[in-house]
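Comments concern the structure below.
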Amino acid sequence: MADLEIRDLRVSVEGREILKGVSLDVSKGEVHAVMGPNGSGKSTLSQTLLGHPGYKVEGGRVRFKGQDILELTPDARSRLGLFLALQYPIVVPGITMNNFLRTALNAHRGYDGKDKSKSVSPKEFRTLVEPYLETLRIDRTFLSRYINEGFSGGEKKRAEILQMAVLQPEMAVLDETDSGLDIDSIKYVSEAINKMRGPELGVLMITHYTRILQFIKPDYVHVMVAGQVVESGGAEVADRLEREGYAQWGEEVA
Amino acid sequence: MPFTKESVEEIASLHEEPDWLRKRRREAFEVYERLALPSKIDEEWRRVDFKGLKLDEFRAFEEPNGAAPGVPIDGAAGVLRQRGSAPGKVDLDPELAAKGVVFLPLSQGAKEHRELVEKRLFSEVRPDRDKFAAVHAALFSGGTLLYVPDFVEIEQPLVGQYWSSGGGAAVLPHTLIVAGKGAKFNYLDEFLSPSLDQPALTSGSAEIFLGEGAQVGYVALQKWGRHAYQFANQRVHVGKEATARLFNVTLGARFAKVRVEANLQGPGGMAELKGIYFASDDQFFDFHTLQDHQVGQTTSDLLFKGALRDTARTVYAGLIRIEKDSARSDAYQANRNLLLSKQAKAYSIPMLEIINNDVRCTHGATVGPIDPEHLFYLASRGIPKAVAQRMIVQGFFGEVADRIPFEQARRLVAEELEARLG
Ligand SMILES: Nc1ncnc2c1ncn2[C@@H]1O[C@H](COP(=O)(O)OP(=O)(O)O)[C@@H](O)[C@H]1O
Ligand SMILES: [Mg+2]
Chain U
3 MADLEIRDLR
13 VSVEGREILK
23 GVSLDVSKGE
33 VHAVMGPNGS
43 GKSTLSQTLL
53 GHPGYKVEGG
63 RVRFKGQDIL
73 ELTPDARSRL
83 GLFLALQYPI
93 VVPGITMNNF
103 LRTALNAHRG
113 YDGKDKSKSV
123 SPKEFRTLVE
133 PYLETLRIDR
143 TFLSRYINEG
153 FSGGEKKRAE
163 ILQMAVLQPE
173 MAVLDETDSG
183 LDIDSIKYVS
193 EAINKMRGPE
203 LGVLMITHYT
213 RILQFIKPDY
223 VHVMVAGQVV
233 ESGGAEVADR
243 LEREGYAQWG
253 EEVA
Chain L
74 MPFTKESVEE
84 IASLHEEPDW
94 LRKRRREAFE
104 VYERLALPSK
114 IDEEWRRVDF
124 KGLKLDEFRA
134 FEEPNGAAPG
144 VPIDGAAGVL
154 RQRGSAPGKV
164 DLDPELAAKG
174 VVFLPLSQGA
184 KEHRELVEKR
194 LFSEVRPDRD
204 KFAAVHAALF
214 SGGTLLYVPD
224 FVEIEQPLVG
234 QYWSSGGGAA
244 VLPHTLIVAG
254 KGAKFNYLDE
264 FLSPSLDQPA
274 LTSGSAEIFL
284 GEGAQVGYVA
294 LQKWGRHAYQ
304 FANQRVHVGK
314 EATARLFNVT
324 LGARFAKVRV
334 EANLQGPGGM
344 AELKGIYFAS
354 DDQFFDFHTL
364 QDHQVGQTTS
374 DLLFKGALRD
384 TARTVYAGLI
394 RIEKDSARSD
404 AYQANRNLLL
414 SKQAKAYSIP
424 MLEIINNDVR
434 CTHGATVGPI
444 DPEHLFYLAS
454 RGIPKAVAQR
464 MIVQGFFGEV
474 ADRIPFEQAR
484 RLVAEELEAR
494 LG
């Protein structure tokens, strides 16, 4: 049984069915790429996995580490070990990155403001953050800025991966982390993700382009069109996609 | 028991005031008697609900009963502590006194520094503005005079702490601040009382005068108990090239009707008006602000941010007035409200009155719940909803609170908000 099991997932947004029965299995230690054209439902899948309230699950199920997570709140899913790097990270005024990261990490440790022994020490926090600040080429001063405020598109995406590094999830959903990044940023981000890669981490890497796959080699590639997974295979699927584009699946889904 | 002429005389005697001030009180009392309560027909008072308030049920002043005032403020350059309606006790850094800084209970200041007080007192906050301003001028009980001479700079803040411990009385402190040319300092007024059963009538008004090039930060932190009805006017007179930074933090009282006003009277003058309010249970707050650009080349920058919970209600109405001759002025005004419950209601009414067109003027108002995308983002990182909500509200206030010009007040406000949001 896979660590993350998505079965026949159907999701609607504002009354319109977007995901029309998606099934995927992702286990720790594996990197899966999910590729698809704009509007095919990739972000709908990623947001649904974390329990965004705007997406309504109409059917199917999702199990993570054997637990049915569709009933869990987003914060409980995160603490269970799921992570989502947003396609469009948002600005939250007045909360510093530092405060955000520490509070999140403390929540993962079960620190609720009472038992100080559970709270992350400044030293431990530094040892977690600093290497990734370096890998991701994020200036330390970003930590004292408000969440994503005044960050460039690329900086926001790199900050998402920094959050991932701090929270050390078991399953990370990366929603088009590569979109809008220049080639240098793609390298930094890939370097960071490759550093985290290992038997304790599964990755569901959503992308529109094959470019990032040169840096992060996927074990499996899935193609999603119009709310359905229309093809699954190894890295060769991406190669075919690179040569022939998405049009080849146009017929099947029409 | 209604307020009477005798109560006016009694307060004047209690504070051993000079005759000219006694006479002022009498005149203000006449205005009080003449004026009717504001009516709902008046636009300013349309949404104000002070039913339950009976002016003739208050004693005219509160005997201090020895309860403790607020916690000391670290490193303050001067502190005035007042209990009830009695004159405050002052502690002032002797070095400042030697430089000519005057920091006294207002009545004593009126006696010893008539030249500073007589022409200014109630010239910006006028008794005939409404019945509540009149009763404040007639029965003001204590308060502070701070005078900082030309070019004197004070590193650490000065502090006024007003403590009321009994219900059923009027407690009406008044702050008069006079900044000489090029003077630089910060001031914190803190208004405190426990919540009591009997209603109280309170104020916390301030008149602040900035001479040429002066730079003054003023923070009013209102933490009256939930039995208080507060009527306050805080108004700053900004001279040439002077910079006033005024922060109004309204947290306490059952009812608060507050005006915050900048009177820009000198070219190059700048007023920053900032407000923070957090209303819960059945609290009602009404803020009317005025950015009055009387001359050209003046700047005003206003941001009032409030959060409301339970069945609280707030009104914000802000007026930017730019006079005919006030070219090249720059005014900004924004009011933002976070609704933390479905029953809470915030009204926001921006108004412009611009007679000169060669000006820059922007304003905006928002009223709404916490952005669900913000909540989701924090939740997706494992932060429980209640914690995320508190962080978002703190962050919302942080944008203003982080700009409070001195550390002691910044910390006090942050702690206070944290405790109340808890
Ligand atoms: N929050 C939303 N509100 C309205 N429509 C949405 C929302 N999210 C997605 N959709 C719609 O669902 C479809 C799939 O979108 P999305 O999941 O974002 O696709 P992708 O990420 O693959 O580009 C699109 O037609 C889009 O317009
Ligand atoms: Mg998308």
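As you go down the protein sequences, you meet chains U and L in turn. At position 60 of the first sequence (counting the first as 1) the number is 62 in our numbering, and the numbers step up by one without a gap. At position 421 of the second sequence (counting the first as 1) the number is 494 in our numbering, and the numbers step up by one without a gap. Here a beta-carbon is modelled for each residue, glycine too, at the ideal position from N, C-alpha and C.
{"Item": "Strand pairing of U:V227, partner residues [DSSP]", "Value": "U:Q230"}
{"Item": "Per-residue burial, L:E489 [other beta carbons within 10 Å of its own, 16 or more giving buried]", "Value": "buried"}
{"Item": "L:I395 versus L:N430 - alpha carbon distance", "Value": "9 Å"}
{"Item": "For ligand 1, residues whose Cβ lies under 6 Å from any non-hydrogen atom", "Value": "U:V15, U:E16, U:I20, U:G38, U:N40, U:G41, U:S42, U:G43, U:K44, U:S45, U:T46 and U:G56"}
{"Item": "L:G173 versus L:L265, L:R132, L:V251 and L:P200, residue with shortest Cα-Cα distance", "Value": "L:V251"}
{"Item": "Span of the alpha helix (DSSP H) around U:S45", "Value": "K44 to L52"}
{"Item": "Inter-residue spacing [alpha-carbon to alpha-carbon] between U:L107 and L:G455", "Value": "8 Å"}
{"Item": "Beta carbon of L:W297 nearer than 8 Å to that of L:Q288", "Value": "no"}
{"Item": "Closer than 8 Å to chain U by CB, L:E480", "Value": "no"}
{"Item": "Contact list for U:A109 against chain L, beta-carbon separation under 9 Å", "Value": "R454, G455, I456, P457 and V460"}
{"Item": "Any alpha helix (DSSP H) of 4 or more consecutive residues that is wholly inside the segment 58-93 of chain U", "Value": "76-82"}
{"Item": "Alpha-carbon to alpha-carbon, U:Q89 and U:G56", "Value": "16 Å"}
{"Item": "Inter-stretch contact (C-beta, 8 Å, three-pair minimum) for the segment 14-24 of chain U and the segment 65-75 of chain U", "Value": "no"}
{"Item": "Where L:D115 falls, given that 16 or more other Cβ within 10 Å makes a residue buried", "Value": "exposed"}
{"Item": "The segment 149-156 of chain U in contact with the segment 61-70 of chain U per 3-pair CB rule at 8 Å", "Value": "no"}
{"Item": "Separation of L:P75 from L:R433, as counted between CA atoms", "Value": "48 Å"}
{"Item": "Cβ-based contacts, 8 Å cut-off: residues of the segment 155-172 of chain U near chain L", "Value": "Q165 and L169"}
{"Item": "Check whether L:E314 and L:G339 have beta carbons under 8 Å apart", "Value": "yes"}
{"Item": "Endpoints, alpha helix (DSSP H) assigned at U:N100", "Value": "M99 to H110"}
{"Item": "Neighbourhood of L:D92 by C-beta, 6 Å cutoff - its chain only, sequence neighbours within 5 removed", "Value": "none"}
{"Item": "CB-CB length for L:A404 against L:I393, believed under 8 Å", "Value": "5 Å"}
{"Item": "Residue(s) in a DSSP beta bridge with L:K127", "Value": "Note: L:K127 sits in no beta bridge, so no partner."}
{"Item": "Beta-carbon proximity check, L:W236 vs L:L265, cutoff 8 Å", "Value": "yes"}
{"Item": "Strand pairing of L:E396, partner residues [DSSP]", "Value": "In DSSP, L:E396 forms no bridge with anything."}
{"Item": "Inter-stretch contact at 8 Å, needing at least 3 Cβ pairs: the segment 209-219 of chain L / the segment 96-108 of chain L", "Value": "yes"}
{"Item": "Run of the alpha helix (DSSP H) containing L:Q234, from where it starts to where it stops", "Value": "It is not in any alpha helix (DSSP H) - L:Q234 instead sits in the beta strand (DSSP E) that spans L231 to W236."}
{"Item": "At least 3 beta-carbon pairs within less than 8 Å: the segment 367-374 of chain L vs the segment 463-479 of chain L", "Value": "no"}
{"Item": "Under 8 Å between C-beta atoms of L:S158 and L:G215", "Value": "yes"}
{"Item": "Closer than 7 Å: U:Q230 CB and nearest ligand 2 heavy atom", "Value": "no"}
{"Item": "Closest by C-alpha distance to L:S80, when choosing among L:E90, L:F134 and L:R386", "Value": "L:F134"}
{"Item": "Contact test: U:E178 Cβ vs ligand 2 heavy atom, cutoff 7 Å", "Value": "yes"}
{"Item": "Coarse secondary structure for U:T179, derived from DSSP in three states", "Value": "coil"}
{"Item": "Contact belief for L:Y420 with L:G379 at Cβ below 8 Å, rounded distance in angstroms", "Value": "With 8 Å as the limit, L:Y420 and L:G379 do not qualify as a contact, their Cβ atoms being about 11 Å apart."}
{"Item": "heavy atom of ligand 2 below 7 Å from L:Q229 C-beta", "Value": "no"}
{"Item": "Inter-residue spacing [alpha-carbon to alpha-carbon] between L:K124 and U:N100", "Value": "47 Å"}
{"Item": "Cross-chain neighbours of U:S80 in chain A, by beta carbon under 9 Å", "Value": "The displayed structure is made up of protein chains U and L, and chain A is not among them."}
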